[in-house]
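**Student:**
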Amino acid sequence: MRTVLQPRGRPRWSVGVVIVLMLSLVGVALTHSSAAFGITDGATTRDYEIGDNDFRISDIGPDGNSFADAVLPKIAYNSTNHEYLVVWAGQDVPDGPFDIYAQRIDATTGAEVGENDFRVSQTGNEDNQLFIDPIPDVTYNSTLNEYMVVWEAEVSQGPDLPTIYGIYGQRLNAETGAAVGTDDFRVDLDTEIRDSDYRATDPAVIYNSTDDEYLVVWRGNLAEDRSFEITGQRLSATGERVGVNEFFISDMGSDEGGGDERFAAREPDVTYNATDNEYLVVWSGDDKVPPLVDNDFEIFGQRLAGATGTEVGVNDFRISNMGPDGNTNFNTVHPTVAYNKTAGEYLVAWSGGFDSEFDALEYGIYAQRLSAAGEERGDDFRVSDEQDGIGFWANYPGVAYNPTDNEYMITWALGNVIGGVDVEYEVYGQRLDGTSGAEVGDNDFRISDMGPEGNTDYRAFDSAMAYNSRDNEYMAVWSGTDDTAPLVDNEQEIFGQRLAWQPEATPTPPTPTATPPSATPTPTPEVPPVSSSRAFLPLVIR
Numbered sequence: 000m001r002t003v004l005q006p007r008g009r010p011r012w013s014v015g016v017v018i019v020l021m022l023s024l025v026g027v028a029l030t031h032s033s034a035a036f037g038i039t040d041g042a043t044t045r046d047y048e049i050g051d052n053d054f055r056i057s058d059i060g061p062d063g064n065s066f067a068d069a070v071l072p073k074i075a076y077n078s079t080n081h082e083y084l085v086v087w088a089g090q091d092v093p094d095g096p097f098d099i100y101a102q103r104i105d106a107t108t109g110a111e112v113g114e115n116d117f118r119v120s121q122t123g124n125e126d127n128q129l130f131i132d133p134i135p136d137v138t139y140n141s142t143l144n145e146y147m148v149v150w151e152a153e154v155s156q157g158p159d160l161p162t163i164y165g166i167y168g169q170r171l172n173a174e175t176g177a178a179v180g181t182d183d184f185r186v187d188l189d190t191e192i193r194d195s196d197y198r199a200t201d202p203a204v205i206y207n208s209t210d211d212e213y214l215v216v217w218r219g220n221l222a223e224d225r226s227f228e229i230t231g232q233r234l235s236a237t238g239e240r241v242g243v244n245e246f247f248i249s250d251m252g253s254d255e256g257g258g259d260e261r262f263a264a265r266e267p268d269v270t271y272n273a274t275d276n277e278y279l280v281v282w283s284g285d286d287k288v289p290p291l292v293d294n295d296f297e298i299f300g301q302r303l304a305g306a307t308g309t310e311v312g313v314n315d316f317r318i319s320n321m322g323p324d325g326n327t328n329f330n331t332v333h334p335t336v337a338y339n340k341t342a343g344e345y346l347v348a349w350s351g352g353f354d355s356e357f358d359a360l361e362y363g364i365y366a367q368r369l370s371a372a373g374e375e376r377g378d379d380f381r382v383s384d385e386q387d388g389i390g391f392w393a394n395y396p397g398v399a400y401n402p403t404d405n406e407y408m409i410t411w412a413l414g415n416v417i418g419g420v421d422v423e424y425e426v427y428g429q430r431l432d433g434t435s436g437a438e439v440g441d442n443d444f445r446i447s448d449m450g451p452e453g454n455t456d457y458r459a460f461d462s463a464m465a466y467n468s469r470d471n472e473y474m475a476v477w478s479g480t481d482d483t484a485p486l487v488d489n490e491q492e493i494f495g496q497r498l499a500w501q502p503e504a505t506p507t508p509p510t511p512t513a514t515p516p517s518a519t520p521t522p523t524p525e526v527p528p529v530s531s532s533r534a535f536l537p538l539v540i541r
């Protein structure tokens with residue numbers, strides 16, 4: 000087993016990993032993010048930020064307490080009420096149970112709307128506790144003017160009762176945020192038919208406007224051999240299961256779901272193509288189709304018919320090409336996907352790179368354009384390149400498509416995880432041309448400003464992105480630690496930043512191929528697993 004670590008949830012870094020950033024080269028501490036980062040040589044820097052800088056969204060736990068965290072935000076845009084809904088996992092009591100919380104945000108001003116930090120899930124309470132950092136997702140239903148929120152949960156029923164694992168959902172009235180229908184309904188089948196080895200994690204959800212229904216996908220081990228595959232469930236607009244229950248989408252290492260426990264799929268994402276009434280599901284997977292080998296993780300995709308959920312086109316088609324084929328020193332994680340209705344194509348982005356040993360780790364953000372039929376348009380190209388090299392970790396990309404200007408916006412968090420490099424952990428962004436994938440505007444412009452400039456004790460993680468069609472704006476959200484009073488170091492909350500579109504005369508063509516990181520991929524001893532503490536959560540377990 001090889002474990003690669005990703006700060007997630009509550010990042011308690013040791014003194015030996017603290018990075019000191021010296022800004023003496025620029026002479027002053029710059030306080031506005033686009034003025035400090037994202038400068039293209041010979042170009043004039045544009046200010047993408049509008050409204051309040053890094054405005055705080057969540058108010059989890061007592062202010063000044065670093066043991067009540069808000070993590071893993073997701074965001075959806077409501078075109079009817081011109082609002083965003085931001086959801087996250089949070090513990091309102093220090094070191095207490097996690098639940099799913101939400102906040103409505105006015106899309107024009109960024110101001111909070113309605114109840115502050117209202118609780119969405121009811122599965123976590125004094126007796127039943129959601130497991131730490133339960134991953135949520137959210138989508139908007141324009142027909143009913145509702146949101147659908149889904150999340151993973153590990154619910155402890157007591158010392159003498161089995162733990163319940165599963166995927167849960169909740170409908171919300173978009174006008175008020177009030178719960179609609181059954182509270183915390185199960186998306187996967189009831190646990191009574193499961194055994195103690197069953198797990199269901201990493202849910203994602205999307206709305207199908209043609210059939211007025213949802214598709215929820217997640218990572219589960221329903222197969223007889225307990226291998227993890229991507230599983231799907233269609234839901235009606237009222238949250239009832241539709242069609243085949245818990246159908247397999249991936250089949251890593253086999254022609255049927257769960258054929259070989261050595262191979263696995265993880266971290267799915269899904270988008271909807273209204274033109275063809277299809278879904279595209281993407282995931283990071285470990286397959287045995289030559290020239291791939293065990294532990295050779297790449298990004299895969301599967302088209303699904305919107306009306307039935309049945310597979311369309313090539314089965315489990317490969318999207319990424321990270322490192323030489325058959326070389327397990329390279330890895331892919333955190334795929335995300337958006338549909339471009341103007342060009343009739345998809346953009347898939349992910350974090351990938353060299354991770355054979357922790358001291359030589361290097362991850363960047365990569366992307367691949369796909370036709371509506373799933374065929375590659377061009378090669379993999381690297382999106383993040385302003386700061387790279389050994390120890391740099393670019394992760395958790397978010398992507399949104401802007402049909403007004405036919406472009407994408409990608410965000411990600413980037414920092415150095417092994418120390419010795421002068422860089423903070425912050426959120427960055429890049430615009431891409433919707434026709435060619437070429438970079439547009441400033442390169443790798445910085446979005447977040449966590450803590451004092453140059454102080455690496457404050458960080459940003461877990462970015463997500465949404466597009467606002469009425470104002471032609473984006474909104475980025477992330478989990479971060481800031482020093483704005485009354486917050487203190489390691490007090491993790493959800494922050495947001497509105498971003499304006501800016502014109503650019505000539506796009507910069509992308510690198511035609513995915514250049515692997517510079518580290519020499521020589522076999523090294525495995526990194527031993529860490530303790531069960533969630534101070535660092537295993538990102539990849541092979």
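Numbering (numbering that gives the first Met the number 0), first residue to last: 0 to 541. We put the beta carbon where it would ideally sit given N, CA and C, even for glycine.
Cβ atoms of residue 65 and residue 490: under 8 Å apart, would you say?
**Tutor:** Yes, the pair counts as a contact, with Cβ atoms nearer than the cut-off.
**Student:** Quick one, are the C-beta atoms of residue 439 and residue 386 less than 8 Å apart?
**Tutor:** Contact: no.
**Student:** Is residue 57 near residue 492, with beta carbons less than 8 Å apart?
**Tutor:** Taking 8 Å as the Cβ cut-off, residue 57 and residue 492 qualify as a contacting pair.
**Student:** In the DSSP assignment, what residue or residues form a beta bridge with residue 285?
**Tutor:** Paired residue(s): 296.
**Student:** For the beta strand (DSSP E) containing residue 121, list its first residue and its last residue.
**Tutor:** Per DSSP, residue 121 belongs to no beta strand (DSSP E) and is neither H nor E.
**Student:** Taking C-alpha atoms, which residue in 312, 320, 413 lies nearest to residue 285?
**Tutor:** Closest by alpha carbon: 320.
**Student:** Assuming contact is defined by CB atoms lying nearer than 8 Å, are residue 141 and residue 79 in contact in what I supplied?
**Tutor:** Yes, Cβ-Cβ distance for residue 141 and residue 79 is below 8 Å.
**Student:** Would you tell me roughly how many angstroms separate the C-alpha atoms of residue 59 and residue 91, rounded to the nearest one?
**Tutor:** Taking the straight line from one Cα to the other gives about 5 Å.
**Student:** Specify, as a first and last residue, the run of the beta strand (DSSP E) that residue 70 falls within.
**Tutor:** Start and end: 69-77.
**Student:** Residue 145 bridges to which residues according to DSSP?
**Tutor:** In the DSSP output, where bridge partners are listed per residue, residue 145 has 140, 172.
**Student:** Measuring alpha carbon to alpha carbon, tell me which of 375, 356, 398, 344 ends up nearest residue 364.
**Tutor:** For the residues 375, 356, 398, 344, the minimum Cα distance to residue 364 belongs to 398.
**Student:** Classify residue 212 as helix, strand or coil using the three-state DSSP reduction.
**Tutor:** Residue 212: strand per DSSP, three-state reduction.
**Student:** Candidates 169, 115, 113: which alpha carbon is nearest residue 135's?
**Tutor:** For residue 135, the nearest C-alpha among the options comes from 169.
**Student:** Using three-state DSSP, classify residue 450 as helix, strand or coil.
**Tutor:** Coil.
**Student:** What's the C-alpha gap between residue 105 and residue 472?
**Tutor:** Spanning the two alpha carbons is a distance of roughly 12 Å.
**Student:** Enumerate in chain order the residues of its own chain whose CB-to-CB distance from residue 552 is below 7 Å, with the five nearest sequence positions on each side excluded.
**Tutor:** Nothing can be reported for residue 552, as the shown portion of the chain is limited to 0 through 541.
**Student:** Just reading off the beta strand (DSSP E) that residue 408 is part of, what are its end residues?
**Tutor:** Note, residue 408: beta strand (DSSP E), 406-415.
**Student:** Looking only at C-alpha atoms, which of 118, 291, 150 sits nearest to residue 101?
**Tutor:** That would be 118, whose Cα lies nearest to the Cα of residue 101.
**Student:** Do you know offhand how far residue 275's Cα is from residue 356's?
**Tutor:** Their backbone Cα atoms lie some 43 Å apart in a straight line.
**Student:** Apart from the five residues on each side of it in sequence, which residues of its chain come closer than 7 Å, Cβ to Cβ, to residue 212?
**Tutor:** Within the same chain, residue 212 has close Cβ partners 233, 234, 235, 236, 241.
**Student:** Along the chain, where does the beta strand (DSSP E) that runs through residue 134 open and close?
**Tutor:** No beta strand (DSSP E) contains residue 134, which DSSP labels as neither H nor E.
**Student:** In this structure, how does DSSP classify residue 54 when only helix, strand and coil are distinguished?
**Tutor:** Looking at residue 54 - three-state DSSP - the assignment turns out to be strand.
**Student:** Do you know how far the Cα of residue 217 is from the Cα of residue 200?
**Tutor:** In a straight line, the C-alpha of residue 200 is about 6 Å away from that of residue 217.
**Student:** Could you check what DSSP says for residue 47 in three-state terms: helix, strand or coil?
**Tutor:** Here residue 47 sits in coil by DSSP.
**Student:** By the DSSP assignment, the beta strand (DSSP E) with residue 474 in it spans what residues?
**Tutor:** Note, residue 474: beta strand (DSSP E), 472-480.
**Student:** For the beta strand (DSSP E) that residue 333 lies in, which residues bound it at each end?
**Tutor:** Residue 333 -> beta strand (DSSP E) spans 329-339.
**Student:** When the Cα atoms are used, what is the spatial distance from residue 166 to residue 69?
**Tutor:** Whole-angstrom Cα-Cα distance: 20 Å.
**Student:** Could you tell me whether the Cβ atoms of residue 307 and residue 205 are closer together than 8 Å?
**Tutor:** Cβ atoms of residue 307 and residue 205: not closer than 8 Å.
**Student:** Quick one: what's got a C-beta closer than 7 Å to residue 209's C-beta in the same chain, skipping five residues either side?
**Tutor:** Only 273, 276, 305 meet the Cβ criterion.
**Student:** Could you compute how far the alpha carbon of residue 332 sits from the alpha carbon of residue 317?
**Tutor:** Going by the C-alpha atoms only, they are around 14 Å apart.
**Student:** Would you mind sorting residue 114 into buried or exposed? The rule is 16 or more other CB atoms within 10 Å of its CB.
**Tutor:** It counts as exposed.
**Student:** Would you decide whether residue 339 is buried or exposed? Buried here means 16 or more other CB atoms lie within 10 Å of its CB.
**Tutor:** So residue 339 counts as buried.
**Student:** Report the three-state DSSP secondary structure of residue 66 (helix, strand or coil).
**Tutor:** The answer is coil: DSSP assigns residue 66 none of H, G, I, E or B.
**Student:** Among 347, 383, 360, 384, which has the Cα closest to the Cα of residue 367?
**Tutor:** Among 347, 383, 360, 384, the Cα nearest to that of residue 367 belongs to 347.
**Student:** At the level of alpha carbons, what is the spacing between residue 505 and residue 441?
**Tutor:** Confidence at residue 505 is low in this model, with a pLDDT of 48, below 50, so its placement is unreliable and the value that follows should be read with caution. The alpha-carbon atoms of residue 505 and residue 441 are separated by roughly 11 Å.
**Student:** Take residue 176 and list the residues in its own chain whose beta-carbon comes closer than 7 Å to its own, dropping the five residues that flank it on each side.
**Tutor:** If we look at residue 176 and ignore the five residues flanking it on each side, its Cβ neighbours are 101, 103, 113, 114, 117.
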